[in-house]
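Below: the structure, in structure tokens.
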Amino acid sequence: MSTETVALIGLDREEVNELKSRVACRIVSFDMMPKVQIRDQQLYLARFGTWDWTGPVDKVVFHGIFENDLPGITALALWVGPCLPSASGLLDCRPRIANLARVRKVSRFATLPRSYTDAGTTFSTDTRSVAKWGEWHCGEGKECFAETWTASEPSLIEPFLDGEAVRVTAIGDTLFQLRLGGDDWKKSIHHTTAAFMPLDEALAADVCSLRDHFDLAVCAADYIISPDGTPNLLELNHVPNVTQFPEIRAAYLDFAARWIGAH
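Residue numbers (numbering that gives the first Met the number 0): 0 to 262.
So, in structure tokens, the structure goes:
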């Protein structure tokens with residue numbers, strides 16, 4: 000058995016237990032964002048509310064979105080140790096609006112004009128639009144409106160698009176495309192009508208470009224395919240759902256186990 004210590008952050012108990020059974024090293028798991036400390040170039044982690052530091056930690060598998068997690072992600076990037084996906088990629092893509100500003104320079108399909116309004120301001124438009132705010136990346140913090148929007152937080156404004164909502168998920172070199180489902184204009188991977196669909200080559204190439212640029216071995220991009228067939232990138236997800244569909248879950252666990260053993 001390896002003497003390495005690998006931290007799993009954000010994974011559910013079932014996935015933690017499966018990875019423990021598949022890798023020969025010490026596993027420590029945190030269902031919430033741990034406290035992070037770097038000293039003498041070594042990484043130490045502690046559960047919230049305690050000062051019982053675990054470490055030094057040799058590798059990190061990070062798969063969660065937590066309130067106020069950006070300082071901890073920043074610390075992981077400063078550590079520069081092995082992290083799946085890379086801590087620098089997590090840092091680039093965690094802030095929702097900044098994420099979109101960055102991906103617009105990489106994706107072929109991010110030319111849709113976006114607007115912005117600060118907290119405490121009112122935005123006016125003649126077209127049906129969608130306001131997005133907050134940092135959850137999981138279907139929350141969005142509202143469709145017409146005419147005016149009063150922002151309680153810094154908000155991204157984008158035109159409302161008719162079309163088919165799809166997601167392309169990358170697990171290393173393995174790609175999956177899903178048709179997202181929903182009862183209204185909001186579409187989700189969790190809806191009962193969400194299902195696999197054939198992988199579009201252009202979208203696959205776009206997601207691979209985003210994956211490689213941000214060094215996010217695990218990521219997913221959401222698109223709206225307009226009625227004329229034009230893809231429009233909505234968002235790059237740095238921590239996509241990997242448990243809703245068994246095929247994606249299996250690919251993720253295989254990839255994570257291989258990564259732990261290889262790094």
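Heads up, the beta-carbon is just placed ideally off N, CA and C, and yes, glycines get one too.
These numbers come from a predicted model, not from an experiment.
When the distance is taken between beta carbons, is residue j closer than 9 Å to residue i?
i	j	result
R166	P230	no
L235	L209	yes
A150	T173	no
L232	D211	no
I311	F122	Within the shown structure, residues of the chain are numbered from 0 to 262, placing residue 311 beyond reach of any answer.
A86	Q36	no
G63	G9	yes
Between which two residues does the beta strand (DSSP E) carrying residue i extend?
i	result
G54	T53 to V56
V35	K34 to R38
A232	What sits at residue 232 in the sequence shown is Leu, not Ala. P230 to N236 is the extent of the beta strand (DSSP E) around L232.
E163	E163 to I170
R25	R25 to F29
A220	V217 to I224
T149	T147 to T149
A74	Counting along the chain, A74 falls outside any beta strand (DSSP E), though it belongs to the alpha helix (DSSP H) covering L69 to W78.
Grab the span of the alpha helix (DSSP H) containing residue i for me, first residue to last.
i	result
A204	E200 to F213
W258	P245 to A261
C92	A86 to C92
T187	Note that residue 187 is Ser in the sequence shown here, rather than Thr. Neither: S187 is in no alpha helix (DSSP H) and is coded neither H nor E.
Could you check which residue in the options has the C-alpha nearest to that of residue i?
i	options	result
Q243	D11, Y43 and D30	D11
L202	T192, R95 and D221	D221
A164	T121, I156 and F195	F195
K186	D205, W50, E142 and P70	E142
I224	R257, T53 and L111	L111
Y43	T120, N16, T4 and L215	T4
D161	V102, A100 and D227	D227
G171	P84, R46, L89 and V35	P84
D253	T49, T147, S20 and E146	S20
Q41	V105, F29, E66 and A76	A76
N67	H189, M31 and G180	M31
Under 8 Å by Cβ, that's how I've got residue i and residue j pegged, so tell me the actual separation to the nearest angstrom.
i	j	result
W132	S154	4 Å
A6	V79	Not really, about 15 Å apart at Cβ, beyond 8 Å.
V59	C24	Their Cβ separation, rounded to whole angstroms, is 13 Å, which puts V59 and C24 out of contact at 8 Å.
T53	V27	5 Å
F159	R127	4 Å
With a threshold of 9 Å between beta-carbons, can residue i be considered close to chain B, or not?
i	result
D172	Of the protein chains in this structure there is only one, and it is not chain B.
Next item on the list: Taking only runs that begin and end inside the segment 92-135, name each unbroken beta strand (DSSP E) of 3 or more residues, in chain order.
Entry: 114-116, 121-123 and 128-132
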